[in-house]
Amino acid sequence: MSTPTNVVTQILERIHVMPEEEVPLTAAVGWVLANDVRALVSHPAYDFAAGDTILTARNVITPTSVGLIAAAGVGTVCVFRRPTVAVLTAGDNLVMLDRLDDVRAGDKVVSSNSYVLPVLVQDAGGVPCNCGIVGSDPASTHHVIESVLGCDLLVSTDAGGAHDPLRRVFDMMGADVMFDDALESTKIPLVFGMLDDTPWLGLPGDPAWTVTAFERLVRPAIRKMCGHLAAH
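Mapping of the sequence shown onto the working numbering: residues 20 to 251, in sequence order.
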């Protein structure tokens with residue numbers, strides 16, 4: 020599969036903004052407005068009258084915005100829902116921190132990606148769903164993937180080769196792989212596809228490359244889903 024001129028742009032074109040939802044004003048900091056906010060009452064200190072537009076759609080609600088919106092008499096706002104992002108790490112040699120004895124014995128390695136990826140997802144504006152670690156057992160991996168197909172985005176690690184155990188399970192489940200190559204001007208491998216209606220981004224397993232790939236593609240994808248106009 021050849022590398023497109025601009026992989027990130029082409030992949031992001033297939034990522035959609037999340038549906039709108041109403042949330043209480045006090046819980047809306049950091050969310051992106053889906054609709055304009057119009058004042059319900061006048062407020063002399065802010066110099067607006069009832070009916071005026073005080074904040075337009077696609078603006079991020081800040082603490083200062085909360086005061087402005089409250090002064091306008093508005094208690095709930097229409098925002099873009101934050102995406103639920105399933106995070107799946109793969110590797111028979113990986114363990115969580117509760118198995119440090121195996122790491123000290125030299126038998127296993129701490130799965131740092133299982134910790135950093137959920138934090139990065141949350142920092143980007145998504146709601147992480149940490150699915151843990153899967154090994155080479157296809158049935159177990161199939162069950163884990165199937166259980167998170169209701170999520171808005173699926174992010175996995177170490178699924179870069181056609182013969183990789185995780186990749187084989189995705190293939191068996193009918194994933195439509197649209198890109199399987201290195202990101203332009205890098206050696207970082209990346210997989211992008213759709214599993215049913217769920218976008219899937221397969222990142223490299225190397226922790227440094229995982230974070231780089233996340234910043235290059237996953238963060239812009241999550242921000243787009245959240246309604247942000249800028250990728251970063």
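All residues carry an ideal CB built from backbone N, CA and C; glycine is no exception.
- Counting along the chain, V174 sits inside the beta strand (DSSP E) bounded by residues L172 to T176.
- Under the 10 Å beta carbon count, T176 is surrounded by 16 or more other beta carbons and is classified as buried.
- Annotation: the continuous beta strand (DSSP E) that includes M197 extends over D195 to A201.
- Residues of the same chain with a CB within less than 7 Å of the CB of A250, apart from the 5 flanking positions on each side, are P239 and R242 in chain order.
- By the CB criterion at 8 Å, L185 and A232 fall outside the cutoff.
- Counting every other CB atom within 10 Å of its CB across the protein chains shown gives P102 a total of 16 or more, marking it as buried.
- Annotated three-state conformation of E32 is coil, per DSSP.
- The beta carbons of V140 and V106 sit closer together than 8 Å.
- In this structure, the alpha-carbon of G49 lies about 19 Å from that of A90.
- Between H162 and V188, the alpha-carbon positions lie close to 10 Å from each other.
- Listed as beta-bridge partners of P43 by DSSP are T95.
- Restricting attention to V56, D156, A46 and G221, the CA atom closest to the CA of L172 is found in G221.
- V93 is positioned such that its CB atom lies no closer than 8 Å to that of L52.
- Judged by beta-carbon spacing, N112 lies beyond the 8 Å limit of S133, meaning their Cβ atoms are not closer than that value.
- In the three-state reduction of the DSSP assignment, A109 falls in the strand class, which pools E and B.
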